[in-house]
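Working notes for the structure below.
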Amino acid sequence: MKSLLLSTALLAGALSLSAAEYDASVPQSTHSEVSYGPHKRNVLDFWKAASDEPTPLVFVIHGGGWGGNSKEAIHKFVDTNKLLDAGISVVAINYRYLKQAGELSPPVKAPLFDAARALQFVRSKADDWNIDKARIGAVGGSAGGCSSLWLAYRDDLAEPDSDDPIARESTRLHCVAGIRVQTTLDPKQMKEWIPNSRYGERAFAKKDFPEFLAARDDLMPEIQQFSPYHLLTADDPATYLFYQTPPNPGGKEKDPTHSANFGVGLLKRCQELGVDCEFVHPGQEDVVHPTATDYLITKLKAPIEESKK
26 MKSLLLSTAL LAGALSLSAA EYDASVPQST HSEVSYGPHK RNVLDFWKAA SDEPTPLVFV
86 IHGGGWGGNS KEAIHKFVDT NKLLDAGISV VAINYRYLKQ AGELSPPVKA PLFDAARALQ
146 FVRSKADDWN IDKARIGAVG GSAGGCSSLW LAYRDDLAEP DSDDPIARES TRLHCVAGIR
206 VQTTLDPKQM KEWIPNSRYG ERAFAKKDFP EFLAARDDLM PEIQQFSPYH LLTADDPATY
266 LFYQTPPNPG GKEKDPTHSA NFGVGLLKRC QELGVDCEFV HPGQEDVVHP TATDYLITKL
326 KAPIEESKK
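Residues in the sequence shown are numbered from 26 upward in steps of one, following this note's numbering.
Right, here's the structure in full:
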């Protein structure tokens, strides 16, 4: 009997841990657990802003190293109420973790292509959900921010001739925001920016960072397909980068995975290419948008041409 009670308690605990809940500050979604794909984690929640006209939309991708957390962490990245009050609808997605990639290689394809499919699905619902397809901005923290930058910078995944109407939808974004985001997946570049870097090996099926670094040259064709820094081109959307610590270029970091040095590197590349980039961190003067929410409202509510400046 004791063992049965213990098993029951453990099961109950596991179930309670698996059922993530939104913070009390987050309003009830308009649609919940909407499926956008075949996997159990291919689900999203949607908050519809009140409007007679199609609304802009913020597309939220949670962090967790592509191996944990869920869409219910939305309050860590944006103020949903503030967006809705500004007439901007919101979507938060779940996606497959790296360990759920199956035969996909490299494993990072699973979370990234899930995010792309979710974005296409949302665009396919534009009429039903009153969404302006031309005004969609993505935001995410850490790995979710990396996914957001990947969507923003890679070429459009739309397949205009596909029999699947969802696949015909665009994956391009109007603007993007990354919070404590990794802006490169090149281990050599990470070490140059942050000497004690130790991130990204699992995305490419390596057991640890030293193995990832040793395999870097062989992996570069794949790294270049998924690393935001390497995908960035002059025609890519306006970008916002937020970090909780000041930059320390070339120095070791207490939290190398979320170092503002990632922001320094991408900002420099954006400036070289003429891509609008706003970089926010402690100690910075003349901050225009203190939060990603403020930035997204400005960009998504401004006239199209003005929002690109």
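For each residue, glycine too, the CB sits at the ideal point set by N, CA and C.
The DSSP assignment places complete alpha helix (DSSP H) segments of no fewer than 4 residues inside the stretch 206 to 240 at 212 to 218 and 234 to 239, in order along the chain. Cβ-Cβ distances below 7 Å link Phe-304 to Leu-266, Gly-288 and Leu-292 in the same chain, with the five nearest sequence neighbours on each side left out; the list follows chain order.
Straight-line measurement puts the Cα of Ile-113 at about 20 Å from the Cα of Leu-176. If only uninterrupted alpha helix (DSSP H) runs of at least 4 residues are considered, those enclosed by the stretch 274 to 318 are 286 to 298. In this structure Ser-284 touches Ile-219 by the C-beta definition: roughly 5 Å separates them, less than 8 Å. With contacts defined as CB atoms closer than 8 Å, Pro-190 and Thr-105 fail to qualify as a contacting pair. Nearest to Ser-50 by C-alpha distance, out of Ser-95, Gly-90 and Val-103, is Val-103. Under the three-state reduction of DSSP output, Glu-46 falls in the coil class, being neither helix nor strand. Per DSSP, the unbroken alpha helix (DSSP H) holding Thr-105 starts and ends at 105 to 110. Secondary structure of Tyr-178 (DSSP, three-state): helix. Beta-bridge annotation (DSSP): His-56 is paired with Phe-71. Counting C-beta atoms within 10 angstroms of its own C-beta, Val-313 has fewer than 16 neighbours from the protein chains shown and is therefore classed as exposed. For Phe-84, there is no enclosing alpha helix (DSSP H); the residue is part of the beta strand (DSSP E) that begins and ends at 80 to 86. Between Gln-214 and Tyr-178 a beta carbon distance of about 15 Å is seen, past the 8 Å cut, so the two are scored as non-contacting. Per DSSP, Ala-163 is one residue of the beta strand (DSSP E) stretching across 156 to 166. Bounds of the beta strand (DSSP E) holding Leu-266 are 263 to 267. DSSP, read as helix, strand or coil, puts Val-147 in helix. Between the alpha carbons of Asp-77 and Val-147 lies a gap of roughly 19 Å. A check of alpha carbon separations from Trp-154 across Arg-142, Phe-71, Pro-328 and Glu-97 identifies Phe-71 as the nearest. Residue Pro-271 holds the alpha-carbon nearest to the alpha-carbon of Glu-310 among Asp-261, Arg-294 and Pro-271. Taking the Cα of Gly-290 as reference, the smallest distance to any Cα among Lys-232, Tyr-224 and Asn-273 is reached at Asn-273. Annotation: the continuous alpha helix (DSSP H) that includes His-255 extends over 253 to 256.
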